[in-house]
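Undergrad: Dropping the structure in here first, questions after.
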Amino acid sequence: MASPPYSSVKGHGIKKRDEENTITKAQQKRKLNRLHDVLNSLKQKLAKQIKQYQEENQALADDYKRIVELCKDVQRKMRHFSIIDKKKFEDIWIMNEEEMKEMMRKALKTDKIIHEQQLGLPWVKPDYWFLDNVGPIVPQSRKKKTASEVAEEVMLLAVDKHIQIKEDKEFKESVCMDSGSTDTKIDPSQQFSPKTVKQILEILCDESGFLMEDKLLKLLSPLEKDERSLLKLDSVFQALGIESEDDLYKLVDFFLKYKTQHLSSELEKDYEIDETELAEEPEEILCAQLQKIISSELIHPNDVLHALRAFVFEYKKPREKTLQTKHTLLEERDNSEDAAYWDAMVKVIPESKLKLWNALEEALEKYYNVLTQRSKLLKDTASLRQQNSELRVLMHQYLNSKVNTELQVPPSQVLQLDFYQA
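full-length UniProt numbering numbers the first residue of the sequence shown as 1 and each following residue consecutively.
Printed below as a string of structure tokens:
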């Protein structure tokens with residue numbers, strides 16, 4: 001049997017492969033169509049979800065804006081009602097306080113009358129601190145001096161030389177302590193001597209004229225030095241935002257630290273000390289040089305402007321946060337001393353005087369009863385005297401009547417007989 005030729009076999013294989021390719025193409029085409037359908041479906045879903053998410057995002061953004069506006073409106077209302085409530089509270093407090101003070105004045109006036117008129121004793125007006133108070137009280141723990149008050153006390157303070165020497169010594173020791181440890185916190189009012197604060201304020205007053213207007217400087221020129229310095233410091237404090245005692249001591253502390261930092265860096269540059277010597281006694285050398293320079297000058301006038309810039313830059317953010325908190329948050333009033341205040345007003349007349357008043361009241365009641373009895377007896381006596389005078393008049397008329405002469409036994413003879421027999 002003869003075998004098929006090679007060309008026919010090859011053509012048959014090519015034909016079969018074409019058929020397979022056609023089937024594969026058809027399958028791939030159907031698959032591609034399905035994928036196109038899936039892609040179109042996914043695109044539609046994606047577009048739908050994007051639109052949905054955009055709408056939700058817009059709705060959430062609108063809700064957020066609305067809630068923010070609502071929150072701001074609530075905060076405005078809270079501040080508004082807080083101011084109104086505070087004003088009402090102060091008005092009611094002052095009204096009740098005036099009523100109490102009026103009652104206190106009456107009680108003290110009564111006490112004065114009792115002492116001077118009833119007891120015959122000199123009366124001394126008591127000096128009560130709450131008589132001068134007007135409005136809600138502030139607890140002593142929260143009462144702080146303003147920066148201007150501290151500056152006035154320091155600038156007008158005359159310090160003894162011995163006290164100055166002692167304070168300078170303590171300040172020099174504190175400089176060395178501060179250079180060794182920076183974590184310890186000390187009360188600023190106890191840490192700085194009045195002389196140190198005064199020197200820094202004088203330098204600040206002399207070198208900060210650029211913070212004041214020329215018109216103000218011309219108006220201050222005729223005044224005395226102390227008064228002129230105080231008014232300048234008020235203007236400087238207002239420009240720097242220094243209001244309280246703590247702010248002033250922060251400024252003083254910053255100036256001193258600014259000076260000591262520059263001094264320590266200069267000393268390290270000027271004195272090239274061997275590493276072994278620096279390891280053995282670095283603090284003694286620095287403290288000795290610091291004390292020598294600080295004793296002569298706390299801060300150079302040329303450094304005042306740089307120190308002020310650094311101070312404002314460092315304390316700007318904390319102050320802004322404090323002011324923001326102060327305006328946004330409602331501060332609760334401390335009423336811990338209210339009860340003691342009203343109780344002190346109630347006890348304006350002490351218990352000992354009340355006992356004296358009660359004893360005097362009992363004695364006056366007894367005295368009044370005696371006087372009432374005497375008044376009654378005096379009225380009875382006056383009535384009897386009136387009756388006796390009327391009887392005398394009637395008897396006189398009866399005895400002097402002409403009818404008596406016509407009687408055989410006149411009444412006058414009978415009266416004389418009774419008188420002789422008696």
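A virtual CB, placed ideally from N, CA and C, is assigned to each residue, including glycine.
Would you report the Cα separation of His80 and Val68, rounded to the nearest angstrom?
TA: Spanning the two alpha carbons is a distance of roughly 18 Å.
Undergrad: Would the beta-carbon of Val304 fall within 8 Å of that of Leu233?
TA: Result no, Cβ atoms of Val304 and Leu233 do not sit closer than 8 Å.
Undergrad: Restricting to Cα atoms, I'd like to know which of Leu360, Asp62, Val252 and Asp63 is closest to residue 426.
TA: Here the chain has residues from 1 to 422 only, and residue 426 is not among them.
Undergrad: If we ignore side chains and look at the alpha-carbon of each, how far apart do Thr276 and Leu256 end up?
TA: For Thr276, the pLDDT reaches just 47, beneath the cut-off of 50, and the residue's location in the model is therefore unreliable, leaving the point undetermined.
Undergrad: Leaving out the 5 sequence neighbours to the left and right, which residues in its chain are closer than 7 Å to Ile163 when beta-carbon positions are compared?
TA: Residue confidence is low: Ile163 scores 47 on pLDDT, short of 50, so the model does not pin down where it sits. Its coordinate-derived value is still stated next. There are no such residues.
Undergrad: So, helix, strand or coil for Ser401, using DSSP?
TA: Here Ser401 sits in coil by DSSP.
Undergrad: Does DSSP classify Ser221 as helix, strand or coil?
TA: Coil at Ser221, not helix or strand.
Undergrad: Below 8 Å between beta carbons: does that hold for Pro194 and Val154?
TA: In contact: Pro194 and Val154 (Cβ atoms closer than 8 Å).
Undergrad: Once the 5 residues before and after Asp274 are set aside, which same chain residues still bring their CB inside 6 Å of it?
TA: Unreliable placement is indicated for Asp274, whose pLDDT of 47 sits below 50; no coordinate value is reported for it.
Undergrad: Within the chosen definition, does the segment 363–383 reach the segment 129–137 through at least 3 CB pairs nearer than 8 Å?
TA: The segment 363–383, when compared against the segment 129–137, does not touch it at the 8 Å Cβ threshold.
Undergrad: Just mark Ser229 as buried or exposed, buried being the case when its beta carbon has 16 or more other beta carbons within 10 Å.
TA: Buried, because 16 or more other Cβ atoms sit within 10 Å of the Cβ of Ser229.
Undergrad: Straight-line CA distance for Phe313 to Glu207?
TA: In a straight line, the C-alpha of Phe313 is about 19 Å away from that of Glu207.
Undergrad: Based on Cα-Cα distance, which residue from Met395, Asn369, Lys353 and Val138 lies nearest to Tyr341?
TA: Per the Cα distances, Val138.
Undergrad: At the 8 Å Cβ level, is Lys43 part of the contact set with chain B, yes or no?
TA: Going by chain labels, chain B is absent from the structure shown, which holds only one protein chain.
Undergrad: Return the CA-CA distance between Leu290 and Lys218, expressed in angstroms with no decimal places.
TA: The predicted position of Leu290 is uncertain, since its pLDDT is 47 and thus under 50; no value can be drawn from it.
Undergrad: On the criterion of 16 or more Cβ atoms from any shown chain inside 10 Å, does Tyr249 qualify as buried, or is it exposed?
TA: Answer is buried; the Cβ neighbour count reaches 16.
Undergrad: Flag this pair as yes or no: are the beta carbons of Phe130 and Met345 separated by less than 8 Å?
TA: Yes; because the gap between Cβ atoms is below 8 Å, this pair is in contact.
Undergrad: Does Ser148 come out as helix, strand or coil in the three-state DSSP assignment?
TA: Of the three classes helix, strand and coil, the one that applies to Ser148 here is helix, per DSSP.
Undergrad: How would you label Glu362, buried or exposed, when you count the other beta carbons within 10 angstroms and need 16 or more for buried?
TA: Per the 10 Å Cβ criterion, exposed.
Undergrad: Select from Leu360, Leu32, Asn388 and Thr372 the residue whose C-alpha is nearest the C-alpha of Gln117.
TA: For the residues Leu360, Leu32, Asn388 and Thr372, the minimum Cα distance to Gln117 belongs to Leu360.
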